[in-house]
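Protein sequence lines correspond, in order, to chains A and B.
With my numbering, the residue at position 134 of the first sequence is 134, and numbering never jumps.
Counting from 1 along the second sequence, just add 1000 to a position and that's the residue number in my numbering.
In this text, a Cβ means the ideal position worked out from N, Cα and C, and glycines have one as well.
Nothing here was measured: the structure is a model prediction, and the numbers come from that model.
Worksheet for the structure shown next.
Protein chains: 2
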Amino acid sequence: MSTKDKIIHTSIELFNRHGERAITTNHIASHMGISPGNLYYHFKNKEDIIRHIFALYSDHLHTHFKPLTPGDDALENLAGYLDSLFELMWRFQFFYDNLGDILSRDEELKKGYIAFQAELLEQVKDVLFALREGGIICIEDEDVTELAHMLKMTVSFWTPYIKARRLSGELARADIYNGILKVLLLLKAHCTEQHLEQVNQLRAKYLALAETEQNDH
Amino acid sequence: MSTKDKIIHTSIELFNRHGERAITTNHIASHMGISPGNLYYHFKNKEDIIRHIFALYSDHLHTHFKPLTPGDDALENLAGYLDSLFELMWRFQFFYDNLGDILSRDEELKKGYIAFQAELLEQVKDVLFALREGGIICIEDEDVTELAHMLKMTVSFWTPYIKARRLSGELARADIYNGILKVLLLLKAHCTEQHLEQVNQLRAKYLALAETEQNDH
DNA sequence: GTCTATACAGTGATAGAC
DNA sequence: GTCTATCACTGTATAGAC
């Protein structure tokens, strides 16, 4: 792995563990055993590193959160989405821990973030419409946007919510599974009688995963 | 108003507008037209100011979010709670914009925050049980805790969610009303047929308030 | 590409006069 | 209670040698 990639991955790891504010460029360099000067050879500044991480974040969503095509099984796709949301919430924790700060220091990044989130909102709405087509949920047109916002907010801020009530800031995988369960709770509220069973099965799956992880530690 | 109180209120205002990280003790002092030395006469340090603000925050909740007593009209109380949540979300925005940072720099504050949030969770659960008693919502025992967490998370992180998708960080009152609507959306999903109308009336109220505000600006 | 050394700009905080 | 002056410290970022 190139030094540049190593810097990115070390940054993600340290940011997630200690928060973006607490981690300086010096910390990143010394944790890697390189000099600060070397770090600044590869990146213009700290924001530059964060922009590269944001690119990874949006890549992840573009790759794993593709809109449904008409023939797809909506429920099957939903399961896939939940798994990739797990990945996202786990890997990019720090981004939402400090979202306001990060965006307020970098106008360009903020513009990119806003555009990306608007795009994402539409995709989430498409997924909800597809779930409705598939008879899995029942929801009024006018409520779709509101629900989509709630889903996005939950995915974004579940980890900060959890971290705020831990003395040790470290998250476990079980915490993320609990976040996925909150997403399912939101959907379940609109679930049709016929498919309640299937959604409950998904719920049981993540409940079991959360339990297993808890016992491992 | 004493200089001490002025410092607290100026801090809240500046923190809300520009974020806690961006505002230094020097900014606060110069915005008030006093010297930094004077500020440090009244407060030990920046954390000390924030602790005083947290005291205001928890006072507000203790005063306005009293548990229901058996005779109370649950729906009427709900309306009161929503209004005081509005107040809370409006006045203490910054606290949740930077929650992780703020708590990670002050162990004592974090302990206080965690204890307070645990207490609050129980109160929210009590309110939900009372709403169920009153026949307004229908919910399984096992889902109450999950819903209570979702409600708390929504109240806490609605403003950061909105701010993150604005180029200018300023919030309007209409944004907060939209947050209250999200709280109602969560409740509505568990609402009984008989009381759906009344909850929809509450919804219409805040929808109207959001509209009015929007047109004022 | 990588290092060492260092300049520079805040920020938090204090001492002592008034 | 309030001010002025000032300091120590930290984090970012660059210059120049290797």
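Within this structure, are the beta carbons of residue i and residue j separated by less than 9 Å?
i	j	result
residue 11 (chain A)	residue 50 (chain A)	yes
residue 1112 (chain B)	residue 1156 (chain B)	no
residue 1088 (chain B)	residue 1124 (chain B)	no
residue 97 (chain A)	residue 1037 (chain B)	no
residue 184 (chain A)	residue 206 (chain A)	yes
residue 1086 (chain B)	residue 1180 (chain B)	yes
residue 78 (chain A)	residue 136 (chain A)	yes
residue 1187 (chain B)	residue 1121 (chain B)	no
residue 80 (chain A)	residue 64 (chain A)	yes
residue 1158 (chain B)	residue 153 (chain A)	yes
residue 1062 (chain B)	residue 1008 (chain B)	no
Hey, is residue i's beta-carbon within less than 9 Å of any beta-carbon in chain A?
i	result
residue 964 (chain B)	Nothing in the structure corresponds to residue 964 (chain B), since chain B is present only between 1001 and 1217.
residue 1158 (chain B)	yes
residue 1214 (chain B)	no
residue 1017 (chain B)	no
residue 1141 (chain B)	no
residue 1166 (chain B)	yes
residue 1078 (chain B)	no
residue 1111 (chain B)	yes
residue 1192 (chain B)	no
residue 1154 (chain B)	yes
With a threshold of 9 Å between beta-carbons, can residue i be considered close to chain B, or not?
i	result
residue 114 (chain A)	yes
residue 125 (chain A)	no
residue 173 (chain A)	no
residue 149 (chain A)	yes
residue 22 (chain A)	yes
residue 117 (chain A)	yes
residue 99 (chain A)	yes
residue 107 (chain A)	yes
residue 2 (chain A)	no
residue 85 (chain A)	no
residue 189 (chain A)	yes
residue 196 (chain A)	no
Quick check on the DSSP output: the alpha helix (DSSP H) that includes residue i runs from which residue to which?
i	result
residue 1152 (chain B)	1141 to 1163
residue 1133 (chain B)	1107 to 1133
residue 1089 (chain B)	1074 to 1091
residue 1185 (chain B)	1173 to 1188
residue 36 (chain A)	36 to 42
residue 32 (chain A)	25 to 32
residue 3 (chain A)	3 to 18
residue 284 (chain A)	What the structure shows of chain A is the stretch from 1 to 217, and residue 284 (chain A) is not part of that stretch, so it cannot be assessed.
Rounded to the nearest angstrom, how far is the Cβ of residue i from that of residue j, given a contact under 8 Å?
i	j	result
residue 1025 (chain B)	residue 1044 (chain B)	With a Cβ gap of about 11 Å, residue 1025 (chain B) and residue 1044 (chain B) do not count as contacting.
residue 95 (chain A)	residue 19 (chain A)	Their Cβ separation, rounded to whole angstroms, is 11 Å, which puts residue 95 (chain A) and residue 19 (chain A) out of contact at 8 Å.
residue 127 (chain A)	residue 68 (chain A)	7 Å
residue 1189 (chain B)	residue 189 (chain A)	3 Å
Query raised in the report: Quick one: any contact between the stretch 162 to 176 of chain A and the stretch 1191 to 1211 of chain B, if contact means 3 or more CB pairs under 8 Å?
Result: no
Requested in this report: Evaluate the contact criterion for the stretch 1061 to 1077 of chain B versus the stretch 1021 to 1038 of chain B: three or more CB pairs, one atom per stretch, below 8 Å.
Outcome: no
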